[in-house]
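Notes follow the structure.
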Amino acid sequence: MLWSLIKIIIFVAAVAALALGADYLLESDGLLESRHVINGVEYTFGPLQTVMAIIALFFVVWLLLKLLSLLVACWRFLNGDETAISRYFDRSRERKGFEALSEGMMALASGEGRVAMSKAAKAEKYLNKPELTNLLVAQAAEMAGDRRKAEETYRKLVTKDATRFVGVRGIMKQKLEDGDTETALKLAEKAFAIKPKHEETQDVLLRLQARTEDWSGARTTLNAKLKHGSLPRDVHKRRDAVLALSEAKDILADESSIEVQEKAIEANKLSPDLVPAAVMAAKSYIAQDRPKLAVRLLKKTWESQPHPDLAAAFAGIAPDETPAERIRRFMALTRVKPDHPETKMLLAELHIANEDFPEARRALGDLPETDPDARSVTLMAAIEKGEGASDAIVRGWLAKALTVSRGPQWICGNCQHIHAEWEPFCENCESFDTLAWKKPPVSEVAMPGGAQMLPLIVGAIEDKSQDTPAAASEAEIEDAEILPDEGMTPANDPAPEAANLAEADKAKAG
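Written out as structure tokens, the structure is:
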């Protein structure tokens, strides 16, 4: 409102000033009067006419200058220089080029690779901006299956600083698809040097370094992921421990014992719940004659995740002890998680080794019924055999062992592939640090009639054994013995006990 009032006042003041000026010129007598003779004719101009003539003269001069500028612009246009005329045509070409580029991007998003390539060629014709059009051409060529054209375009992108990273990354992905990991690794390192914050490049480089067992380089890349915020600190510590453990295993192949011990202990400190690292670190302490540190380390890891390998490493602290002494020493470990299935099976194995079968049964509890797996059921068969149960009962437990779960295994959380031993990478999907100690999905045994046929099979064996002599020879009893030796260490595979019982059944049935 105030600004509108100010503009009105200014306009009124300007009109008033012009009116006063015109009135002053009209009233002045001869002040601005002028006479001019043109072709013998005398012209007299009054004050107002003189002012208007001066204004007209200025307008004519300005118009002449503009016409002169237009002539100069036309001359420069004909010579190829940039002018307003050339800029007009440039804007027209630019508009057509960007329209073609947008249509090419739409075609690329729609999956029409050939159409996108033609639109990109049209855009390049109008725009002359290869940093934009070459990228569209490369992606469209990949979509259309023209790998040669895509690689050729990516190589063009590598030549310019602004698009070098895109070109290197594109060629790297092609080499990965071709299986040329050596070249892909070099390209990944170059792409990482250009743009270290790029998360996908970090992941590719880390995976390739680990596949080539460049553990030191992989740890450097992992630290870069932490530095640039693409990895949480707790996950970094876990994966750094995995790489340190892998580095220790690699050094172990070269028989560098001191370095192995240092790397193993470092891996355990980074991730105390990593079972393979704890086992290797415990062995390192045992080799250094520091059993107390080994006991403390194994107890801490057992508290987070009981595992048979931890029990085996704990047994290796005093390998020459008697079964009774071993039971007493293992109390330091079994008191940590007494209700865990692994603890119950460990105690049962220790008592079986001590030939105390009633105590082994009490230690195992109702685990074979409530949470059966092949190991607990086979231990129950060993207990029944040790207590003098009939062969039919023992064979019944072994038949059940064929249908229940095998128990916890090293399973990839990404593809569910089962591994015999822990590895830093899944051997099936090549994902990093995805192996976990857990039970695989239970599947029924592939046999006619499934698990329902087992009681019939066991019964048939029992009927056939009735025709054999009641007493077996001492040699047959020795073959049928499933009791472990005194130096037994916990194991997760029930195959040896099952094999012994199978041989005994075959001998008696024959």
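In numbering that gives the first Met the number 0, the protein residues as written are 0 to 509.
Here a beta-carbon is modelled for each residue, glycine too, at the ideal position from N, C-alpha and C.
Where residue i falls: helix, strand or coil (DSSP)
{"i": "L418", "result": "Reading off the sequence, residue 418 comes out as His, not Leu. Of the three classes helix, strand and coil, the one that applies to H418 here is strand, per DSSP."}
{"i": "S404", "result": "strand"}
{"i": "L434", "result": "strand"}
{"i": "I316", "result": "coil"}
{"i": "D355", "result": "coil"}
{"i": "D372", "result": "strand"}
{"i": "K155", "result": "helix"}
{"i": "H235", "result": "helix"}
{"i": "K194", "result": "coil"}
{"i": "A12", "result": "helix"}
{"i": "H350", "result": "helix"}
{"i": "D365", "result": "coil"}
{"i": "T180", "result": "helix"}
{"i": "P340", "result": "helix"}
{"i": "S389", "result": "coil"}
{"i": "S68", "result": "helix"}
{"i": "S245", "result": "helix"}
{"i": "T49", "result": "helix"}
{"i": "D145", "result": "coil"}
{"i": "S270", "result": "coil"}
{"i": "P439", "result": "coil"}
{"i": "T211", "result": "coil"}
{"i": "S3", "result": "helix"}
Alpha carbon of residue i to alpha carbon of residue j, nearest angstrom
{"i": "I392", "j": "A352", "result": "21 angstroms"}
{"i": "L17", "j": "L62", "result": "25 angstroms"}
{"i": "G385", "j": "E354", "result": "8 angstroms"}
{"i": "D22", "j": "F10", "result": "18 angstroms"}
{"i": "T488", "j": "A311", "result": "Only weak support is given to the placement of T488: the predicted model assigns it a pLDDT of 40, under 50, and the question is left unresolved by the model."}
{"i": "N267", "j": "K159", "result": "46 angstroms"}
{"i": "H235", "j": "D202", "result": "13 angstroms"}
{"i": "W421", "j": "G406", "result": "15 angstroms"}
{"i": "Q408", "j": "R325", "result": "26 angstroms"}
{"i": "I440", "j": "S404", "result": "Reading the sequence as shown, one finds Pro at residue 440 and not Ile. Each residue's alpha carbon lies about 8 angstroms from the other."}
{"i": "S101", "j": "L107", "result": "10 angstroms"}
{"i": "P318", "j": "T300", "result": "21 angstroms"}
{"i": "M105", "j": "Y125", "result": "18 angstroms"}
{"i": "F164", "j": "T132", "result": "16 angstroms"}
{"i": "L297", "j": "P337", "result": "15 angstroms"}
{"i": "A12", "j": "L56", "result": "27 angstroms"}
{"i": "K6", "j": "E93", "result": "42 angstroms"}
{"i": "V59", "j": "L4", "result": "37 angstroms"}
{"i": "D177", "j": "L366", "result": "51 angstroms"}
{"i": "L273", "j": "V167", "result": "37 angstroms"}
{"i": "A217", "j": "A187", "result": "12 angstroms"}
{"i": "K172", "j": "D179", "result": "10 angstroms"}
{"i": "R113", "j": "I170", "result": "20 angstroms"}
{"i": "A247", "j": "P275", "result": "11 angstroms"}
{"i": "E123", "j": "V157", "result": "18 angstroms"}
Opening and closing residue of the alpha helix (DSSP H) in which residue i lies
{"i": "P424", "result": "Just to set this straight, residue 424 is Phe in the shown sequence, not Pro. First-last for F424: undefined, no H or E at that position."}
{"i": "R325", "result": "322-333"}
{"i": "N222", "result": "214-226"}
{"i": "N127", "result": "Run containing N127: none; DSSP gives neither H nor E here."}
{"i": "E111", "result": "Element bounds for E111: n/a, residue is neither H nor E."}
{"i": "S229", "result": "Premise fails: S229 is in no alpha helix (DSSP H) and is neither H nor E."}
{"i": "G412", "result": "Taken as a continuous stretch (DSSP letters only), G412 belongs to no alpha helix (DSSP H), as it is neither H nor E."}
{"i": "P290", "result": "290-303"}
{"i": "E176", "result": "163-177"}
{"i": "P275", "result": "274-286"}
Residue environment, residue i, which counts as buried when at least 16 other CB atoms sit within 10 Å
{"i": "S91", "result": "exposed"}
{"i": "E383", "result": "buried"}
{"i": "G412", "result": "exposed"}
{"i": "W2", "result": "exposed"}
{"i": "H350", "result": "buried"}
{"i": "D432", "result": "buried"}
{"i": "W396", "result": "buried"}
{"i": "M51", "result": "exposed"}
{"i": "G20", "result": "exposed"}
{"i": "I8", "result": "exposed"}
{"i": "T377", "result": "buried"}
{"i": "K15", "result": "The residue you asked about is not Lys; residue 15 is Ala in the sequence shown. So A15 counts as exposed."}
{"i": "A286", "result": "exposed"}
{"i": "G110", "result": "exposed"}
Distance between beta carbons of residue j and residue i, contact taken as under 8 angstroms
{"i": "L242", "j": "W214", "result": "5 angstroms"}
{"i": "I264", "j": "A280", "result": "5 angstroms"}
{"i": "T333", "j": "T342", "result": "5 angstroms"}
{"i": "T200", "j": "Q208", "result": "12 angstroms between Cβ atoms; not a contact."}
{"i": "L135", "j": "A161", "result": "Contact doesn't hold; Cβ gap of about 15 angstroms is too wide."}
{"i": "W436", "j": "H306", "result": "6 angstroms"}
{"i": "A293", "j": "S270", "result": "With a Cβ gap of about 17 angstroms, A293 and S270 do not count as contacting."}
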